[in-house]
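Below is one structure, written out as structure tokens; the observations come after it.
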Amino acid sequence: MIKGKCWVADDYVMAYDIIISEYWTSPIDPVENSKMVMAGVKDEFNKENGFKDNDFTFIVANHNFAGGGKSIEHVITGLMGAGIRAVFATSFARLQFRNAINYGLPFITSDDEMHLGCETGDELEYDADKGIIRNITKGTEFTSIPAAPFVSEVAASGGLMNFVRDKIAKGEPIE
Amino acid sequence: MGMTITEKIMARSSGRDKVVPGELVWTDIESVMTMDFLGKQCFDKFRSLGKTEVFDKNKVICVSDHLVPPPTQKFANMLNEWREVVKQHDIANFYDLGRQGIAHQIMVEQGHVLPGTISIGTDSHANTYGAVGAVGNAIGVTDAAVAMATGKAWFRIPKTVKFNITGKWQPWVMAKDLSLHIMGMMHWNGHLLYKSLEFTGPAISSLSMAGRMTLCNMTVDLGAKNGIVAPDVVTERYLRNRTNEKWDFVTSDDDAKYDMVYDIDISDLAPTIALPGKLDDTVTVDKLIGKKFNKAFVGTCTNGRLEDIATMAEIMKDKQVHRDVNMILVPASQTVYLEALQAGHLETLIKAGVAIDTPSCASCAGLHTGVAGDGDIVLSAGNRNMTGRMGSREAKVYLTSPSVVAASAIRGEITDPRTFDI
Chain A
-9 MIKGKCWVAD DYVMAYDIII SEYWTSPIDP VENSKMVMAG VKDEFNKENG
41 FKDNDFTFIV ANHNFAGGGK SIEHVITGLM GAGIRAVFAT SFARLQFRNA
91 INYGLPFITS DDEMHLGCET GDELEYDADK GIIRNITKGT EFTSIPAAPF
141 VSEVAASGGL MNFVRDKIAK GEPIE
Chain B
2 MGMTITEKIM ARSSGRDKVV PGELVWTDIE SVMTMDFLGK QCFDKFRSLG
52 KTEVFDKNKV ICVSDHLVPP PTQKFANMLN EWREVVKQHD IANFYDLGRQ
102 GIAHQIMVEQ GHVLPGTISI GTDSHANTYG AVGAVGNAIG VTDAAVAMAT
152 GKAWFRIPKT VKFNITGKWQ PWVMAKDLSL HIMGMMHWNG HLLYKSLEFT
202 GPAISSLSMA GRMTLCNMTV DLGAKNGIVA PDVVTERYLR NRTNEKWDFV
252 TSDDDAKYDM VYDIDISDLA PTIALPGKLD DTVTVDKLIG KKFNKAFVGT
302 CTNGRLEDIA TMAEIMKDKQ VHRDVNMILV PASQTVYLEA LQAGHLETLI
352 KAGVAIDTPS CASCAGLHTG VAGDGDIVLS AGNRNMTGRM GSREAKVYLT
402 SPSVVAASAI RGEITDPRTF DI
């Protein structure tokens, strides 16, 4: 069970704005990438730890979260480094959806009502096993689409690197 | 029930007779591409998996494209580290400065992508590989590291959407216009999210390899998993001198199941432009006639090929770029550069006042030569127009085809190449 404060995003939060181009050539590192994460999304986040200092645990977004292309993993590590434990959105851009799975950061598809009923700062609770998202502040509850078994398995390993490293070490086939 | 071409490729690459959309499989990878600004991290991660040798030294393709030649000391140092790590792993196919090109162009042009197989790359426009009937997919550094170690990647089988393209291409109307038209029609990352897009029909059969690459390239910007054109005589001719590997003409079954089928007649398709900010905000050229701009750019993995340069040269021959416009052409690879030189196109363009830069991703990702400054209005044949994409967040980028950029650069305002006096 994860509990914490949420930030509610607008439509079309682009990967470009989560990590602005100046930082694409930085090393992929949660601490480093989290310093300027979301710098292009809102002016108030465009300073060192501007997003991170809000101590958000969840992001609630609408369509196409982290879209607009870019396969850079800095987007995911930046969010994780800033303390984000799950993102709920109506839809996710494919490239970052894949990266999120590989890092074990839950990108959870939820419905429109979830987004409409949430305000930044609301206290949420996420029960990953049951796929239930509770908005404690508003007293509402939503169900998410359950993750595929492979996705849960990768998350339980702590990401694809660990998942594969473990298989290689044990000499198990990857299939 | 039959399978679509993408399903067939995913099935054969995962050692199965059949796959269905939604299924999750690990597939064999034909080639893994990585490039200068992410490559070192791929190799570092790869070694952290406990491996020292890549799965196949001929199938890990390394390209210098985003940072070359280095415009800053930071980039110069990154490139030195990159060269060192490529050397350390004894990679056979390293396209460094001097042999460089934009990675996706290199992958197809140098025969590293084969019909009926899957290739991946650590850059979003890896979808380009679909032009030769392969599944091309963009992945992150993690997936690349895993593929370097194991020769495999995981995929969820996508549903396929078919675009049946009919009609005759009008003069000066290009594959880019069709891409932008579909972008406007389907909207950005809407219905096509996670889908495989299959392009078929008479207007695709008659489309050159360069055009097919443009079309497949931009499917990532539609939110799709991949875009693909089944191999045919155009593919065979294109690959004849590029690879000695065997491949076959894999196609969709007649009874394959599609999520949706769209029919588009291109007979009256007009040159199309995406307005600054969002790719799916498109209009036909007539809505913007007379719009002034100060920078013109042709290049990128979308439109930096010989055919694009030839089209520009045809339009710009014996004319002059307008004095209020700076124009840059960046060929997509050294091979394209040489071919354009030998064909005389570069001479034509230089005489017209076009600056030619050495092959790289250039200003497309806002990292290299020709970036946009505050207040610039750029008419670009690239692939993205989001705020800040080509440099300043105060610049505006209009996206269109090379023929529109060429004709407009002469006039100094947006011009329909179909009515331009050539």
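Here the protein sequences line up with chains A and B, keeping their order. Here our numbering is used: position 122 in the first sequence is 112, and no number is missing along the way. Positions in the second sequence are counted from 1; adding 1 to them yields our numbering. We put the CB at the ideal spot given by N, CA and C, even for glycine.
With 7 Å as the threshold, decide whether the Cβ of residue i is near any Cβ in chain A.
i                : result
methionine 387/B : yes
threonine 143/B  : yes
methionine 38/B  : First, the residue type needs correcting, since residue 38/B is phenylalanine and not methionine in the sequence shown. Interface residue, yes.
glutamine 42/B   : yes
aspartate 222/B  : yes
tryptophan 83/B  : no
tyrosine 195/B   : yes
valine 147/B     : yes
aspartate 98/B   : Checking the displayed sequence, the identity of residue 98/B turns out to be leucine instead of aspartate. False, the Cβ-Cβ gap to chain A never drops below 7 Å.
threonine 151/B  : yes
tryptophan 27/B  : yes
glycine 51/B     : yes
So which residues of chain C does residue i contact, with C-beta pairs closer than 8 Å?
i            : result
tyrosine 6/A : No chain C appears in this structure, whose protein chains are A and B.
Cβ of residue i less than 7 Å from any chain B Cβ?
i                   : result
glutamate 162/A     : no
phenylalanine 140/A : yes
glycine 58/A        : yes
valine 3/A          : no
glutamate 143/A     : no
glutamate 63/A      : yes
isoleucine 49/A     : no
arginine 84/A       : yes
arginine 155/A      : yes
serine 100/A        : no
isoleucine 9/A      : no
leucine 150/A       : yes
isoleucine 158/A    : yes
glutamate 103/A     : no
asparagine 89/A     : yes
asparagine 52/A     : no
Can you tell me whether residue i is buried or exposed, with buried defined as 16 or more other CB within 10 angstroms of its CB?
i                : result
aspartate 449/B  : With chain B covering only 2 through 423, there is no way to say anything about residue 449/B.
leucine 208/B    : buried
lysine 60/B      : buried
proline 172/B    : exposed
lysine 88/B      : exposed
proline 360/B    : buried
histidine 113/B  : buried
isoleucine 126/A : exposed
lysine 177/B     : buried
glycine 102/B    : buried
asparagine 78/B  : exposed
proline 1/B      : Residue 1/B lies beyond the range of chain B shown here (2 to 423); nothing can be said about it.
glutamine 335/B  : buried
glycine 148/A    : exposed
glycine 161/A    : exposed
On the DSSP bridge assignment, give the partners of residue i in chain order.
i                   : result
aspartate 76/A      : Per the sequence presented here, residue 76/A reads as alanine, with aspartate not at that position. Answer by DSSP bridge pairing, in chain order: Phe48/A.
tyrosine 338/B      : Its beta-bridge partners do not exist; DSSP assigns none.
phenylalanine 132/A : Ile123/A
tyrosine 96/B       : Val64/B
leucine 114/A       : Gly(-6)/A and Asn125/A
valine 162/B        : Leu198/B and Met261/B
glutamate 8/B       : Answer by DSSP bridge pairing: none, since glutamate 8/B is not bridged.
leucine 330/B       : Val299/B and Ile357/B
Check your understanding: Does the segment 67 to 75 of chain A come close enough to the segment 89 to 97 of chain A that 3 or more CB-CB pairs lie under 8 Å?
Key -> Three or more Cβ pairs drawn from the segment 89 to 97 of chain A and the segment 67 to 75 of chain A lie within less than 8 Å of each other, which places the two stretches in contact.
Point to revise | Three or more C-beta pairs below 8 Å linking the segment 100 to 110 of chain B and the segment 221 to 236 of chain B | key: Between the segment 100 to 110 of chain B and the segment 221 to 236 of chain B there are fewer than three C-beta pairs closer than 8 Å, too few to call the two in contact.
Review point. Which of the residues in the segment 122 to 142 of chain B, read from start to end, lie with their CB under 7 Å from any CB of chain A?
Key: For the segment 122 to 142 of chain B, residues whose beta-carbon sits nearer than 7 Å to a beta-carbon of chain A comprise Thr123, Asp124, Ser125, Ala139, Ile140, Gly141 and Val142.
**Study point:** Interfacial residues, the segment 396 to 421 of chain B to chain A, with Cβ spacing under 7 Å
**Key:** Listed by position, the residues of the segment 396 to 421 of chain B near chain A (Cβ gap below 7 Å) amount to none.
Exercise for review: Take every Cβ of the segment 294 to 303 of chain B, pair it with every Cβ of the segment 361 to 378 of chain B, and state whether three or more of those distances are shorter than 8 Å.
Suggested key: Because the criterion of three Cβ pairs below 8 Å is met, the segment 294 to 303 of chain B and the segment 361 to 378 of chain B touch.
Review point. Does the segment 55 to 63 of chain B come close enough to the segment 9 to 29 of chain B that 3 or more CB-CB pairs lie under 8 Å?
Key: Fewer than three Cβ pairs drawn from the segment 9 to 29 of chain B and the segment 55 to 63 of chain B lie within less than 8 Å of each other, which leaves the two stretches out of contact.
Review point. Between the segment 66 to 80 of chain A and chain B, which residues of the former have a C-beta closer than 7 Å to a C-beta of the latter?
Key: Hits within the stretch: zero.
Exercise for review: Compile a chain-ordered list of the residues in the segment 17 to 45 of chain A whose CB is closer than 8 Å to at least one CB of chain B.
Suggested key: Answer set for the segment 17 to 45 of chain A: Pro17, Ile18 and Gly30.
Review point. According to a CB-to-CB cut-off of less than 7 Å, which residues of the segment 63 to 83 of chain B neighbour chain A?
Key: Of all residues in the segment 63 to 83 of chain B, Met79 have a Cβ within less than 7 Å of some Cβ in chain A.
Review point. If you pair each beta-carbon of the segment 255 to 269 of chain B with each one of the segment 309 to 327 of chain B, do three or more pairs fall below 8 Å?
Key: Look at the beta carbons and you see the segment 255 to 269 of chain B not touching the segment 309 to 327 of chain B: under three pairs across the two are nearer than 8 Å.
Check your understanding: Are three or more beta carbon pairs between the segment 208 to 217 of chain B and the segment 270 to 280 of chain B nearer than 8 Å?
Key -> Result no; under three Cβ-Cβ pairs closer than 8 Å.
Review point. Do the segment 131 to 145 of chain B and the segment 10 to 17 of chain A make contact, defined as three or more Cβ pairs closer than 8 Å?
Key: Contact fails: fewer than three Cβ-Cβ distances are below 8 Å.
Review point. Does the pairing of the segment 52 to 63 of chain A with the segment 30 to 37 of chain A give three or more beta-carbon distances under 8 Å?
Key: With contact defined as three or more Cβ pairs closer than 8 Å, the segment 52 to 63 of chain A and the segment 30 to 37 of chain A are not in contact.
Practice item. Spell out a yes or no on whether the segment 119 to 138 of chain B and the segment 36 to 46 of chain B are touching, meaning 3 or more CB-CB pairs, one atom from each, closer than 8 Å. Key: The segment 119 to 138 of chain B makes contact with the segment 36 to 46 of chain B; the number of CB pairs closer than 8 Å reaches 3 or more.
Check your understanding: If you measure beta-carbon to beta-carbon, which residues of the segment 111 to 140 of chain A are closer than 7 Å to chain B?
Key -> Within the segment 111 to 140 of chain A, the residues whose Cβ lies closer than 7 Å to some Cβ of chain B are Ala138 and Phe140, listed in chain order.
Practice item. For the segment 357 to 379 of chain B, enumerate the residues whose C-beta is nearer than 8 Å to any C-beta of chain A, in chain order. Key: Under the 8 Å Cβ criterion, the segment 357 to 379 of chain B contributes Ala366, Gly367 and Leu368.
Practice item. Check whether the segment 338 to 347 of chain B touches the segment 377 to 387 of chain B, taking contact to mean three or more Cβ pairs, one atom from each stretch, closer than 8 Å. Key: Segment contact: the segment 338 to 347 of chain B against the segment 377 to 387 of chain B, fewer than three CB-CB distances shorter than 8 Å; contact not assigned.
Exercise for review: Could you tell me whether the segment 149 to 167 of chain B touches the segment 389 to 404 of chain B, where touching means 3 or more Cβ pairs closer than 8 Å?
Suggested key: Segments in contact, no.
Practice item. Check whether the segment 63 to 75 of chain B touches the segment 151 to 158 of chain B, counting contact only when three or more Cβ pairs, one atom from each stretch, lie closer than 8 Å. Key: In short, these stretches do not touch, since the Cβ pair count stays below three.
Exercise for review: With 8 Å as the limit, tell me which residues of the segment 209 to 235 of chain B have their beta carbon closer than that to any beta carbon of chain A; keep them in chain order.
Suggested key: Within the segment 209 to 235 of chain B, Val221, Asp222, Gly224, Ala225 and Lys226 place their CB atoms closer than 8 Å to a CB of chain A, listed in sequence order.
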